[in-house]
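Student: Numbering (this note's numbering), first residue to last: 1248 to 1556. Where is the CB? At the ideal position from N, CA and C, for every residue including glycine.
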Amino acid sequence: MQVAILDDYQNVALSMADWSKVAARAEITVFTDHVADQGDLVERLAPFDVVCVMRERTPLPRSVLERLPRLKLIASTGPFNAAIDMTATKDLGIHVSTTGGFIESTVELTWALILAAGRRIVDESISVRSGGWQTSVGRQLGGSVLGVLGLGRIGARVARVGTAFGMDVIAWSTNLTPEAAEQAGATYVSRDELFSRADVLTIHLVLSERSRGLVGADELALMKPTALLVNTSRGPIVDESALVDALRSQRIAGAGLDVFDTEPLPSGHPLRSLDTVVATPHIGYVADAVYRTFYGETAGKIARWLEQS
């Protein structure tokens, strides 16, 4: 049996879990790079019976799966994976396993981005490293308005932290009720009021056809010129071109982004170089405790599958 571990950027998969039971029955190959081209991906995965994927880094659509006749198990990390064509896996007889997940690390990164963008932490750190000193005036969060777009498990936790900072927390999503907002320490407002009042607008929606492109030019035009936009959810929820235009024209003050339309973000993309953007490479879930759970449960499920095969 042949097992592939994909997109292990930090080369930590084998050290984060006990793979001995898998190694006793199969040969494990770790790939630390990312392959985006479907033809190249099929060529890489053709020899493998089991493929371990880290979240949604490598999409597995029907057009890829149909060209992998040897593939019998996809071991996915996290409780769900929108990048796998589940209808195709069922049709092709490919089993898919999942793991538990965490929200704490994403909540923490959301606030890291809010603080980094608001207090210009990256710029000030670069200044110190280069021999300089203070270069900007940061913003205080206490007393300002935090707008939460999507008040699910992550959004509700973000809202409670905002309350602890002394922020006025408002929230909106399609199915949100005033009562549910109040339970998270937030005030329910209309969609337009959310965008127009927020000093910091943070996105916590699941990507769906309803949420895709939800934050576009019209919504960005409602925001204050001093406002910050933060997205640790999914890139396509925001119209990326409209966001770049808003940042370049100083329609909004800045953004903290962990997710993008295309990942990895292309090397020449403007979001890599805009001074008012704090960008991280989709690391909301990239934390030690999360990885130990992801890889630990994945190794266990692959081992059990191999025993039964």
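With a Cβ-Cβ cutoff of 8 Å, do residue 1417 and residue 1444 count as a contact?
Tutor: The residue labelled residue 1417 in the question sits at position 170 within the sequence shown. The residue labelled residue 1444 in the question sits at position 197 within the sequence shown. Cβ distance < 8 Å, so residue 1417 and residue 1444 count as in contact.
Student: Thinking C-alpha only, which one of 1390, 1267, 1273 is nearest residue 1413?
Tutor: The residue you call residue 1413 lines up with position 166 of the sequence shown. If we check each option's Cα against that of residue 1413, 1390 comes out closest.
Student: Which runs of the alpha helix (DSSP H), 4 residues or longer, sit entirely within the segment 1283 to 1347?
Tutor: Runs found: 1285 to 1292, 1309 to 1312, 1333 to 1339.
Student: Tell me which residue opens and which closes the alpha helix (DSSP H) that residue 1491 is part of.
Tutor: The count along the sequence shown starts at 1 and reaches residue 1491 at position 244. 1487 to 1495 is the extent of the alpha helix (DSSP H) around residue 1491.
Student: Provide the residue(s) that pair with residue 1274 in DSSP beta bridges, ordered along the chain.
Tutor: Along the sequence shown, read from residue 1 onward, the residue named residue 1274 stands at position 27. Answer is 1249.
Student: Could you name the residues of the same chain whose beta carbon sits closer than 8 Å to that of residue 1454, not counting the 5 residues immediately before and after it, in chain order?
Tutor: The count along the sequence shown starts at 1 and reaches residue 1454 at position 207. So the qualifying residues of the chain are 1329, 1480, 1481, 1483, 1484.
Student: On a Cα-Cα basis, can you pick out the residue from 1277, 1448, 1451 that is closest to residue 1299?
Tutor: Indexing the sequence shown from 1 puts residue 1299 at position 52. Checking every option, the nearest Cα to that of residue 1299 belongs to 1277.
Student: Looking at the secondary structure, which residues open and close the alpha helix (DSSP H) in which residue 1406 lies?
Tutor: As a position in the sequence shown, residue 1406 is number 159, starting the count at 1. Unbroken alpha helix (DSSP H) run through residue 1406: 1400 to 1411.
Student: Which same chain residues end up closer than 7 Å to residue 1509 when comparing Cβ atoms and leaving out the 5 residues on each side of it in sequence?
Tutor: Numbered from its first residue, the sequence shown carries residue 1509 at position 262. Around residue 1509: no qualifying Cβ.
Student: For residue 1529, which option in 1552, 1505, 1403 has the closest C-alpha, if you only look at C-alpha atoms?
Tutor: Position 282 of the sequence shown, counted from the first residue, corresponds to residue 1529. Per the Cα distances, 1505.
Student: Does the Cβ-Cβ distance between residue 1477 and residue 1503 come in under 8 Å?
Tutor: Residue numbering aside, residue 1477 sits at position 230 when the sequence shown is read from its first letter. Residue numbering aside, residue 1503 sits at position 256 when the sequence shown is read from its first letter. Against a cut-off of 8 Å, the Cβ pair of residue 1503 and residue 1477 comes out as a contact.
Student: Grab me the residues of residue 1272's own chain with a C-beta within less than 8 Å of its C-beta, minus the 5 sequence neighbours each way, in chain order.
Tutor: Here residue 1272 refers to the residue found at position 25 of the sequence shown. Answer for residue 1272: 1248, 1550, 1553, 1554, listed in chain order.
Student: Residue range of the beta strand (DSSP E) that residue 1503 falls in?
Tutor: Residue mapping note: residue 1503 aligns to position 256 of the sequence shown, counting from 1. Start and end: 1501 to 1504.
Student: Terminal residues of the continuous beta strand (DSSP E) containing residue 1419?
Tutor: Within the sequence shown, residue 1419 is the residue found at index 172, counting from 1. Segment 1415 to 1419, the beta strand (DSSP E) holding residue 1419.
Student: Helix, strand or coil: how does DSSP classify residue 1201 here?
Tutor: A question about residue 1201 goes unanswered here, because the residues of the chain that appear run from 1248 up to 1556.
Student: If you reduce the DSSP assignment to three classes, tell me which class residue 1450 lands in.
Tutor: Along the sequence shown, one-based indexing puts residue 1450 at 203. Strand, per DSSP.
Student: Determine the contact status of residue 1463 and residue 1486, defining contact as a CB-CB distance below 8 Å.
Tutor: The residue labelled residue 1463 in the question sits at position 216 within the sequence shown. The residue labelled residue 1486 in the question sits at position 239 within the sequence shown. The answer is yes: Cβ separation under 8 Å.
Student: Which value, in whole angstroms, describes the spacing of the CA atoms of residue 1263 and residue 1333?
Tutor: Stepping through the sequence shown from its first residue, residue 1263 is reached at position 16. Stepping through the sequence shown from its first residue, residue 1333 is reached at position 86. Near 27 Å, if we compare the C-alpha coordinates of residue 1333 and residue 1263.
Student: What is the DSSP secondary structure of residue 1354, counted as helix, strand or coil?
Tutor: The residue labelled residue 1354 in the question sits at position 107 within the sequence shown. Correct three-state label for residue 1354: helix.
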